[in-house]
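Enquirer: I have a structure I would like to understand better, so I am pasting it below and will then ask my questions one at a time.
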Amino acid sequence: MDARTFPIDQQSAERLAADGLRLGLVDTSDREALANWDEADYRGFHDRRPEQETIDQHQRLAAYRRTTGVWDASIPEPGIPVATVASWVDELTVPGGAVDAWAISSVTVAPTHRRRGVARALLESELRTAVAGGVPVASLTVSEATIYGRFGFGPATQVGDLTIDTKRAGWSGPVASGRIGFVSLQTLAETARDVADRARRATPGDFALDEHLWGSLVGTVGDRDKQSASLRAVRYDDERGEPQGFAVYKLVENKSDFSKHTVDVRYLRAATDDAYAAMWRFLVELDLVAKVRYDVASADEAVLWMLRDIRAASVTLHDHHWLRVLDVKAALEARTYGPPASLVIRVTDDLSFARGTFRLDVSDGGSAIVTATDASPDLTMNVAALSALYLGGAKATTLARAGRVVEHRPGSLSRFDASFRADTTPHLSFWY
Ligand SMILES: CC(C)(COP(=O)(O)OP(=O)(O)OC[C@H]1O[C@@H](n2cnc3c(N)ncnc32)[C@H](O)[C@@H]1OP(=O)(O)O)[C@@H](O)C(=O)NCCC(=O)NCCS
């Protein structure tokens, strides 16, 4: 599905026009227009100006994204948008399957135009456009956790900032039978994409990677001084020589003690348990390194259980992949569930996309049928809570204690949690 083909949302266009602003799409084949949009996007995140090469890469690899801007004809440089957003339809892994998600990125409003409703107009237009395109879920990763709840988004996955004191840890995990080898970033990009793809299909909360995302994660796309020179890549091949895992990492020097450098893991994927153990053993046993840091770890990393001293590791968790259910029936029917159950859930939604009362009937095989009903609900929650619970990464029991879910019939919270629990902890291992 090409997100660029949907028309501009008239409601937001009119609201912005009343404020002297124009909402429009960038023709991404127009290099100057794209460069102006990139300038606004980078400036919005206080980043330095994008290099020519970065704009080239954007045009070559990410031009297919719906690239939206807001322009103000009265400013000194009116070609540069005062607000940006990019979106595309991605494949989100859910327990037992996958669902189309309207991925939203590059949300910026120029400091000169902040807090007058521009972001709200953009976000609402993205959601209405996704609904018009029949996409059941919207998604984003966020700079600040305070912004998106008001639009119905909830944090559906967490990431951990994992640090391992490698001088103390010791390895007590499995010893893999394959081999680890250094590869260039280019070779990794060419040989390991299938590994990442298999890993993401097995991980709820994870996303398919387009060429741009894949290249930026393995270091072949991006500003020159941010990438390749300091990155190293290792790949794990199983006994048959098949690539099954890889890690891209950077060494951060400890100038006062050369035996205590830090390794920053930028991107790590494993398609098999063997590969996972091999990659982590390699990192934990690196000489001249005292600390391994991985700031997009899962909330449930098995490596903790592979260390002789589990207290050599520490993890600080925070919200990461925010989801917004737009179509309750399509979203809930896309995933599988635990034991057979029947639950009536009332969903409230200020923007009304997901509002209603729904019966979820889980069959023996774990699949569900969702129907609108006027039966009295077992549980009531707003759409942000439902979105946070969607992948099984949070528990309704916990959200009820926080006042975000209301139980009308005793036992409903436990039944909800038993149904929604996922075997694999939801995880997204990058930002977009
Ligand atoms: C965040 C940002 C996009 C907001 O743009 P904006 O046009 O000022 O936002 P709006 O005026 O439309 O505000 C919409 C609502 O969000 C709230 N809001 C906006 N920015 C917020 C923030 N940083 N923290 C908390 N609430 C925020 C507003 O108070 C408003 O609330 P209300 O409608 O419920 O009254 C803008 O400040 C920005 O570009 N920041 C830097 C880049 C960034 O962090 N982007 C987000 C990437 S995920």
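Numbering (the numbering used here), first residue to last: 129 to 560. Don't be surprised by glycine CBs; every beta carbon is placed ideally from N, CA and C.
Would you identify the three-state DSSP class for Val349, choosing helix, strand or coil?
Expert: By one-based count along the sequence shown, residue 349 stands at place 221. The answer is coil: DSSP assigns Val349 none of H, G, I, E or B.
Enquirer: DSSP puts Asp289 in a beta bridge; with which residues?
Expert: Indexing the sequence shown from 1 puts residue 289 at position 161. For Asp289, which the question treats as bridged, DSSP gives the partners Thr444.
Enquirer: Over the uninterrupted alpha helix (DSSP H) stretch that includes Ser491, give me the two end residues.
Expert: Along the sequence shown, read from residue 1 onward, the residue named residue 491 stands at position 363. Note, Ser491: premise wrong, no alpha helix (DSSP H); not H, not E.
Enquirer: Classify Asp624 as buried or exposed, calling it buried when 16 or more other Cβ atoms lie within 10 Å of its own Cβ.
Expert: In the structure displayed, the chain extends from 129 to 560; residue 624 sits before or after that span and is not available.
Enquirer: Below 9 Å between beta carbons: does that hold for Asp218 and Ser267?
Expert: Counted from its first residue, the sequence shown places residue 218 at position 90. Counted from its first residue, the sequence shown places residue 267 at position 139. Yes.
Enquirer: So if DSSP puts Lys419 in a beta bridge, which residue, or which two residues, is it bridged to?
Expert: Sequence index remark: in the sequence shown, residue 419 carries index 291 (1-based). Asp293 and Thr390, per the DSSP bridge assignment.
Enquirer: Please list, following the chain, all residues that have a C-beta closer than 5 Å to any non-hydrogen atom of ligand 1.
Expert: That query returns the following residues: Gly172, Val235, Thr236, Val237, Arg242, Arg243, Gly245, Val246, Ala247, Arg248, Val270, Ser271, Glu272, Thr274, Ile275 and Arg278.
Enquirer: To the nearest angstrom, how far is the alpha carbon of Arg244 from that of Leu451?
Expert: Counting from one through the sequence shown, the residue named residue 244 turns up at place 116. Counting from one through the sequence shown, the residue named residue 451 turns up at place 323. So the alpha carbons of these two residues sit roughly 25 Å apart.
Enquirer: Can you tell me whether Thr444 is buried or exposed? The criterion is at least 16 other CB atoms within 10 Å of its CB, across all chains shown.
Expert: For this step, residue 444 is matched to residue 316 along the sequence shown. Exposed, since its Cβ has fewer than 16 Cβ neighbours within 10 Å.
Enquirer: Quickly, what does DSSP pair Met509 with across the bridge? List them, please.
Expert: For the purposes of this step, residue 509 is taken as residue 381 along the sequence shown, with counting starting at 1. DSSP, once it has assigned bridges, lists Val475 and Val533 as partnering Met509.
Enquirer: Which whole-angstrom value is the C-beta distance of Thr236 and Phe173, which I expect to be below 8 Å?
Expert: One-based indexing of the sequence shown puts residue 236 at position 108. One-based indexing of the sequence shown puts residue 173 at position 45. Their Cβ separation, rounded to whole angstroms, is 7 Å, which keeps Thr236 and Phe173 in contact under 8 Å.
Enquirer: Quick test of the definition: if touching needs 3 or more C-beta pairs under 8 Å, does the segment 409 to 427 touch the segment 335 to 352?
Expert: Result no; under three Cβ-Cβ pairs closer than 8 Å.
Enquirer: Taking only runs of the alpha helix (DSSP H) that begin and end inside the segment 155 to 232, which ones reach a length of at least 4 residues, in chain order?
Expert: Listed in chain order, they are 159 to 172 and 180 to 189.
Enquirer: My output table needs one value for Asp365: the three-state DSSP class, helix, strand or coil.
Expert: Sequence index remark: in the sequence shown, residue 365 carries index 237 (1-based). Asp365 falls in the strand class under three-state DSSP.
Enquirer: With respect to the alpha helix (DSSP H) encompassing Val456, which residues constitute its N-terminal and C-terminal limits?
Expert: As a working note, residue 456 is residue 328 in the sequence shown. Val456 to Glu461 is the span of the alpha helix (DSSP H), which, as asked, contains Val456.
Enquirer: Val475: which of Ile136, Arg487 and His449 sits nearest, CA to CA?
Expert: Here residue 475 refers to the residue found at position 347 of the sequence shown. For Val475, the nearest C-alpha among the options comes from Arg487.
Enquirer: From Ile292 to Leu432, what does the alpha carbon distance come to, in whole angstroms?
Expert: Indexing the sequence shown from 1 puts residue 292 at position 164. Indexing the sequence shown from 1 puts residue 432 at position 304. Their backbone Cα atoms lie some 9 Å apart in a straight line.
Enquirer: Which whole-angstrom value describes the C-beta separation of Tyr395 and Ser557, a residue pair presumed to lie in contact below a C-beta threshold of 8 Å?
Expert: Within the sequence shown, numbered from 1, the residue matching residue 395 stands at position 267. Within the sequence shown, numbered from 1, the residue matching residue 557 stands at position 429. That belief holds up - the Cβ atoms of Tyr395 and Ser557 are roughly 7 Å apart, short of 8 Å.
Enquirer: So, under 8 Å CB-CB, Thr156 and Thr195 are touching, yes? Tell me the CB distance rounded to an integer number of Å.
Expert: Within the sequence shown, residue 156 is the residue found at index 28, counting from 1. Within the sequence shown, residue 195 is the residue found at index 67, counting from 1. Indeed they touch by this definition, with Cβ atoms about 5 Å apart.
Enquirer: Which of the three DSSP states, helix, strand or coil, is assigned to Trp299?
Expert: The count along the sequence shown starts at 1 and reaches residue 299 at position 171. Strand at Trp299.
Enquirer: Below 8 Å CB to CB, which residues in the same chain sit around Met129 once its five sequence neighbours on both sides are set aside?
Expert: Here residue 129 refers to the residue found at position 1 when the sequence shown is read from its first residue. Cβ within range, chain order: Val217, Asp228, Gly261 and Val263.
Enquirer: So the alpha helix (DSSP H) Leu519 belongs to, where does it begin and stop?
Expert: To locate residue 519, count along the sequence shown from 1; it is residue 391. From DSSP, Leu519 is part of no alpha helix (DSSP H); its letter is neither H nor E.
Enquirer: Give the DSSP-derived three-state secondary structure of Gly333 in the structure shown.
Expert: Within the sequence shown, the letter at position 205 stands for residue 333. Note: Gly333 maps to coil in three-state DSSP.
Enquirer: Given a cut-off of 9 Å, decide if Leu149 and Val246 are closer than it, judged by their beta-carbon atoms.
Expert: Reading the sequence shown from its first residue, position 118 is the one you call residue 246. Reading the sequence shown from its first residue, position 21 is the one you call residue 149. Going by C-beta atoms, Val246 is nearer than 9 Å to Leu149.
Enquirer: What three-state label does DSSP hand Phe548 in the structure shown?
Expert: In the sequence shown, counting from the first residue as 1, residue 548 sits at position 420. Helix at Phe548.
Enquirer: Quick one: measure Cβ to Cβ for Ala209 and Trp165, integer angstroms, because I've assumed they're closer than 8 Å.
Expert: Mapped onto the sequence shown, residue 209 falls at position 81. Mapped onto the sequence shown, residue 165 falls at position 37. In the sequence as presented, Ala is not what sits at residue 209; that position holds Pro. Rounded, the Cβ-Cβ distance is 6 Å, consistent with contact.
Enquirer: Could you spell out where the beta strand (DSSP E) holding Trp559 opens and where it closes?
Expert: Taking the first residue of the sequence shown as position 1, residue 559 is located at position 431. Per DSSP, Trp559 belongs to no beta strand (DSSP E) and is neither H nor E.
Enquirer: Give a yes or no on contact between the segment 298 to 317 and the segment 360 to 367, applying the rule of three or more CB pairs nearer than 8 Å.
Expert: Verdict: yes, contact present.
Enquirer: Would you check if the segment 459 to 472 and the segment 421 to 439 touch, i.e. whether three or more CB-CB distances between them fall below 8 Å?
Expert: Flag = no, the segment 421 to 439 and the segment 459 to 472 do not touch.
Enquirer: By Cβ distance, which residues of its chain are closer than 8 Å to Gly277, with the 5 residues on each side in sequence left out?
Expert: To locate residue 277, count along the sequence shown from 1; it is residue 149. Excluding sequence neighbours, Gly277 sits near Ala512.
Enquirer: Grab me the residues of Thr501's own chain with a C-beta within less than 8 Å of its C-beta, minus the 5 sequence neighbours each way, in chain order.
Expert: Counting from 1 along the sequence shown, the entry for residue 501 is found at position 373. Excluding positions up to five away in sequence, the list reads Val472, Thr485, Phe486 and Arg487.
Enquirer: Going by other Cβ atoms of all chains shown within 10 Å of its Cβ, with 16 needed for buried, is Thr400 buried or exposed?
Expert: By 1-based counting over the sequence shown, the position of residue 400 is 272. Looking at its Cβ environment, which holds 16 or more other Cβ atoms inside 10 Å, Thr400 is buried.
Enquirer: Can you list, in chain order, the residues of its chain whose CB lies under 6 Å from that of Ser387, leaving out five sequence neighbours each side?
Expert: One-based indexing of the sequence shown puts residue 387 at position 259. Counting only Cβ-Cβ distances below 6 Å, and skipping sequence neighbours, we find Leu416.
Enquirer: Quick check: the Cα distance between Asp289 and Ala441, rounded to an integer number of angstroms?
Expert: For the purposes of this step, residue 289 is taken as the residue at position 161 of the sequence shown. For the purposes of this step, residue 441 is taken as the residue at position 313 of the sequence shown. Using only the alpha carbons, I get a separation of about 10 Å.
Enquirer: Classify Asp455: buried if its beta carbon has 16 or more other beta carbons within 10 angstroms, exposed otherwise.
Expert: In the sequence shown, the residue the question calls residue 455 occupies position 327. That one is buried.
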